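Visitor: One structure is given below, represented as C-alpha cells, and several questions about it will come after.
Numbering (our numbering), first residue to last: 6 to 260.
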C-alpha cells in the first residue's frame with residue numbers, strides 16, 4: 006500500500022514548539038482532525054486532483070534492478086546530505102555575522118540617544134533570503150526524487166503522483182504559514198528591545214554601541230533567530246526525507 010510522504014506538521018514541529026517557548030505562537034493541539042482541516046484548505050478542483058493521484062495507476066514503469074536502485078538511492082541521499090549541510094552552514098554563518106555586526110543597528114551618528122530606534126528590516130530581509138535559498142535548494146531535489154519514484158514500480162509511482170498533487174494543493178497554505186514567520190519573530194525582537202529599554206530607563210544608563218556582545222539583547226535575538234531558522238529547515242526537509250525513506254524501504258525490500 007502506498008504511503009504518502011509526510012507533510013510538514015506545524016503543530017508538532019520543533020519550529021512551533023520553539024516559537025511557543027518564546028511566547029509568540031500557540032503549540033496546543035488543534036481541536037479539528039487533520040482531515041477536517043485539510044477539507045477547509047482544499048476546494049473541489051483540488052479534491053479531484055488528490056482523488057486522481059490516489060486512483061489506480063495504468064501501466065507505468067516496472068521498477069529498477071536492485072543494483073541500479075541502490076545506486077540511485079545512494080546518489081539522492083548524498084544530494085540530501087550535501088544540501089542540508091550547505092543550508093545549515095548558510096543559516097549559521099549569516100546569523101553569526103548578524104550577531105557580530107552593529108550594521109543592523111543604527112549608525113554611530115544615531116547613537117546619541119540611549120533609546121534610539123532599532124529596525125527589524127535587516128533581519129526580515131535575511132530571513133526571507135534564507136527562505137528563498139531553502140526553497141530553491143530543496144525543490145529540485147524533491148522533483149528529482151519524484152522522477153526516480155515514478156520509475157521504481159507501481160506503488161512508488163503512485164506515491165510520486167500523490168506527493169506532487171499534495172504539493173500543488175497545499176503549497177499556497179504552506180507558503181503563507183512559513184511566510185509569516187519573519188513577522189512572528191519580529192514580535193520577539195520587540196520583546197527583547199522593550200526589555201532592554203526598560204532596564205536602561207530603570208538604571209538611568211546610556212546604551213552601549215556593542216549590543217552584539219555575548220549576553221547582549223541583539224546577540225540573544227540572533228541566537229534565537231538561528232534556532233528558528235534551523236527548525237524551519239527541519240520542517241521543510243520532511244517531505245524530501247519521507248520520499249527518501251520510501252525509496253530506501255523499497256531498496257531494502259529488494260535485497
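All residues carry an ideal CB built from backbone N, CA and C; glycine is no exception.
Note that this is a predicted model, so its numbers are computed, not measured.
Can you tell me where the alpha helix (DSSP H) holding residue 260 begins and where it ends?
Guide: Looking at the DSSP string, residue 260 is not in any alpha helix (DSSP H), and its letter there is neither H nor E.
Visitor: Taking 8 Å as the limit between beta carbons, can you name the residues of its chain near residue 234, skipping five residues before and five after?
Guide: Closer than 8 Å at Cβ, skipping near neighbours: 96, 100, 132, 135.
Visitor: Using 8 Å as the Cβ pair cut-off and three pairs as the minimum, do the region 152-161 and the region 248-258 touch?
Guide: Yes, the region 152-161 is in contact with the region 248-258.
Visitor: Answer with buried or exposed for residue 173, where buried requires no fewer than 16 other C-beta atoms within 10 angstroms of its C-beta.
Guide: By the 10 Å Cβ count, residue 173 comes out exposed.
Visitor: Is the region 139-152 in contact with the region 81-98, if contact means three or more CB pairs nearer than 8 Å?
Guide: Taking 8 Å as the limit for Cβ pairs, the verdict is that the region 81-98 does touch the region 139-152.
Visitor: Select from 207, 74, 93, 78 the residue whose C-alpha is nearest the C-alpha of residue 241.
Guide: With distances taken between Cα atoms, residue 241 lies closest to 93.
Visitor: Check residue 163 in the structure and name its three-state DSSP category.
Guide: The answer is helix: DSSP assigns residue 163 an H, G or I state.
Visitor: Nearest by alpha-carbon distance to residue 169: which of 137, 182, 130, 245 is it?
Guide: Closest by alpha carbon: 245.
Visitor: Secondary structure at residue 39, three-state DSSP: helix, strand or coil?
Guide: Because the pLDDT of residue 39 is 49, which lies under 50, any placement of that residue in the model is unreliable, and the number read from its coordinates should be weighed accordingly. Helix.
Visitor: Let's test the definition: count the other Cβ atoms within 10 Å of the Cβ of residue 165 and tell me whether it reaches 16, buried, or not, exposed.
Guide: So residue 165 counts as buried.
Visitor: For a quick check, are the C-beta atoms of residue 230 and residue 182 less than 8 Å apart?
Guide: No, Cβ-Cβ distance for residue 230 and residue 182 is not below 8 Å.
Visitor: Rounded to whole angstroms, what's the CA-CA distance from residue 70 to residue 232? Just pull it up for me.
Guide: Each residue's Cα considered, the two are about 42 Å apart.
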